[in-house]
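Undergrad:
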Amino acid sequence: MNDVRGELLQQIKDKAVVHGKVTLSSGQEADFYIDLRRITLDGAAAPLAGQVLLDATAHLDFDAVGGLTLGADPVATAMLHAAAARRRRLDAFVVRKTGKAHGMQRRVEGPEIAGRRVLVVDDTSTTGNTPLTAVEAVREAGAEVVAVATLVERGAAPALARAGLDYVHAYDLADLDLD
């Protein structure tokens with residue numbers, strides 16, 4: 011484990027894992043919650059998250075990254091900044107939950123993604139529904155989805171595999187001592 015990866019893992023364990031009964035966005039109940047916004051919006055941890063996900067997805071060919079708002083937004087931004095620090099251009103985009111009723115009425119905001127190879131990201135996923143919703147929207151916008159990536163895999167792998175998507179994650183529940 012390199013230093014950046016190990017440091018981010020420790021930050022996640024220290025700041026993002028909350029023990030106690032909680033209802034997840036999927037509707038499932040759990041005995042713990044992984045609040046990765048405590049990481050992706052943290053000035054010390056977010057840059058690490060961007061570096062770790064760039065490293066984890068280095069084998070993929072993409073030039074834009076994003077996903078369904080809100081969890082994906084800081085992940086994509088962290089990756090954009092980490093890429094810039096490495097002198098690599100990487101655009102970010104945001105997928106709205108529903109289309110905008112005014113202005114340009116776009117569901118995918120940011121630089122144009124039509125005809126581009128994109129990586130769909132999220133902070134964590136239990137069922138895969140959130141990244142699958144984003145995949146559908148970016149495909150409708152004309153982009154080619156090369157893979158889905160999350161910081162923490164919480165159970166989405168089977169759903170993403172059934173959808174025929176490559177899936178990359180930086181950590182899983184065993185890494186967090188939660189399995």
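Convert by adding 10 to the 1-based position in the sequence shown; the result is the number in our numbering. A virtual CB, placed ideally from N, CA and C, is assigned to each residue, including glycine. Because the structure is a prediction, the values reported are computed rather than measured.
1) Taking the C-alpha atoms as reference points, what is the distance between Leu183 and Gly30?
2) Alpha carbon to alpha carbon, how far is Ala124 from Ala59?
3) Taking DSSP's pairing of strands, which residues face Leu78 in a bridge?
4) Skipping 5 residues on each side, what residues in its chain have a beta carbon closer than 7 Å to that of Leu18?
5) Nearest by alpha-carbon distance to Ile44: which of Val85, Glu122, Ser135, Ala92 is it?
6) Does the beta carbon of Tyr43 fall short of 6 Å from some heavy atom of the ligand MN?
7) Counting along the chain, where does the alpha helix (DSSP H) carrying Thr143 start and finish?
8) Nearest-angstrom Cα distance between Gln21 and Arg149?
9) Which stretch, first to last residue, makes up the alpha helix (DSSP H) that contains Leu170?
TA: In short:
1) 16 Å
2) 27 Å
3) Val105
4) Ala55, Leu58, Ala59, Val62
5) Sorting Val85, Glu122, Ser135, Ala92 by C-alpha distance to the C-alpha of Ile44 places Ser135 at the top.
6) Absent from the structure shown: the ligand MN. Ligands present: none.
7) 139-150
8) Near 34 Å, if we compare the C-alpha coordinates of Arg149 and Gln21.
9) For Leu170, the enclosing alpha helix (DSSP H) has its first and last residue at 167-172.
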